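Notes for the one structure printed next.
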Amino acid sequence: MLPPWMNNNNTTSCLTSSSSSKSTTPSPSVSLTLSPSEPVVLDPVHSDHPLNTRFFPVQQVGTLVQCCKEVEEAKQNWVQHKKEATWRLSRLEQQLEAEKSRKRREKMEEIEAKIRCLREEETAALGRMESEYREQLNALQRDAEGKEVKLMESWSNKQMKLSKLVEQINGGLIQHQHMISGTNHHHGLS
Numbered sequence: 001m002l003p004p005w006m007n008n009n010n011t012t013s014c015l016t017s018s019s020s021s022k023s024t025t026p027s028p029s030v031s032l033t034l035s036p037s038e039p040v041v042l043d044p045v046h047s048d049h050p051l052n053t054r055f056f057p058v059q060q061v062g063t064l065v066q067c068c069k070e071v072e073e074a075k076q077n078w079v080q081h082k083k084e085a086t087w088r089l090s091r092l093e094q095q096l097e098a099e100k101s102r103k104r105r106e107k108m109e110e111i112e113a114k115i116r117c118l119r120e121e122e123t124a125a126l127g128r129m130e131s132e133y134r135e136q137l138n139a140l141q142r143d144a145e146g147k148e149v150k151l152m153e154s155w156s157n158k159q160m161k162l163s164k165l166v167e168q169i170n171g172g173l174i175q176h177q178h179m180i181s182g183t184n185h186h187h188g189l190s
């Protein structure tokens with residue numbers, strides 16, 4: 001008697017779907033032992049025996065072993081591919097994160113440099129404005145001082161003229177009084 005996993009229906013399904021990783025019955029490991037009697041080799045094409053006999057052909061055992069090896073290799077390939085793909089994706093994600101951080105840092109440095117440049121321009125512009133206003137204020141003060149000096153000179157000149165005029169008038173009056181008093185004195189003598 002053959003175990004249920006070796007019956008003809010399961011073997012055929014294994015042969016037709018060797019790439020499938022799921023099976024209704026778990027496939028046990030295959031081990032071949034030498035038996036003292038000669039195994040019966042059946043040629044399924046030229047045999048009068050149907051395929052569902054109780055003897056399992058050696059050719060099909062080899063095919064079954066090959067099928068199991070291919071399934072195991074396919075599984076190992078898939079697991080290896082999955083590991084590599086996961087590693088590659090993780091590595092790519094790390095690279096993208098590093099690239100994103102680098103670009104963010106570069107952009108922040110660029111913006112900070114622009115801000116520094118704008119602040120320097122602002123400071124320079126304010127300095128120029130302050131200097132221009134100071135220059136204008138100094139010019140206005142010099143102009144006002146110049147006008148004040150001229151007005152003081154003009155006032156001083158007019159005051160001197162007035163003083164001279166007053167002196168002349170006073171001098172003339174005194175002379176006139178002397179003349180009048182001299183005339184009166186002269187008239188009194190006569």
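Residue numbers (the UniProt record's numbering): 1 to 190. Even for Gly, the Cβ is constructed at its ideal location relative to N, Cα and C. None of these values were measured; they are calculated from a predicted model.
Check your understanding: Sorted by chain position, which residues of the same chain lie with C-beta nearer than 8 Å to P50's C-beta, five sequence neighbours on each side aside?
Key -> As a first step, residue 50 must be located in the sequence shown, where it is residue number 50. Bear in mind that the predicted position of P50 carries a pLDDT of just 49, short of 50, making it too unreliable to give a figure here.
Review point. What are the complete alpha helix (DSSP H) segments, minimum 4 residues, inside the segment 64-107?
Key: none
Check your understanding: If you draw a straight line from the alpha carbon of Y133 to that of E148, how long is it in whole angstroms?
Key -> In the sequence shown, residue 133 corresponds to position 133, counting from 1. In the sequence shown, residue 148 corresponds to position 148, counting from 1. One C-alpha to the other measures close to 22 Å.
Exercise for review: Pull up the distance between the alpha-carbon of L96 and that of L89, whole angstroms please.
Suggested key: Taking the first residue of the sequence shown as position 1, residue 96 is located at position 96. Taking the first residue of the sequence shown as position 1, residue 89 is located at position 89. Computed Cα separation, rounded: 10 Å.
Exercise for review: Could you tell me if C117 is buried or exposed, where buried requires 16 or more neighbouring beta carbons within 10 angstroms of its beta carbon?
Suggested key: Here residue 117 refers to the residue found at position 117 of the sequence shown. By the 10 Å Cβ count, C117 comes out exposed.
Check your understanding: Do you know offhand how far C67's Cα is from E73's?
Key -> Here residue 67 is taken as the residue at index 67 of the sequence shown, counted from 1. Here residue 73 is taken as the residue at index 73 of the sequence shown, counted from 1. Taking the straight line from one Cα to the other gives about 10 Å.
Review point. To the nearest angstrom, how far is it from the Cα of A98 to the Cα of K75?
Key: On the sequence shown, residue 98 is found 98 positions in, with the first residue counted as 1. On the sequence shown, residue 75 is found 75 positions in, with the first residue counted as 1. Taking the straight line from one Cα to the other gives about 34 Å.
Review point. Are the C-beta atoms of K161 and some chain B residue less than 8 Å apart?
Key: No chain B appears in this structure, which consists of one protein chain only.
Review point. For N10, which residues from the same chain have a beta carbon less than 6 Å from its beta carbon, with the 5 sequence-adjacent residues on both sides left out?
Key: To locate residue 10, count along the sequence shown from 1; it is residue 10. The predicted model places N10 with a pLDDT of 47, which falls under 50 and marks its position as unreliable, so this point remains unresolved.
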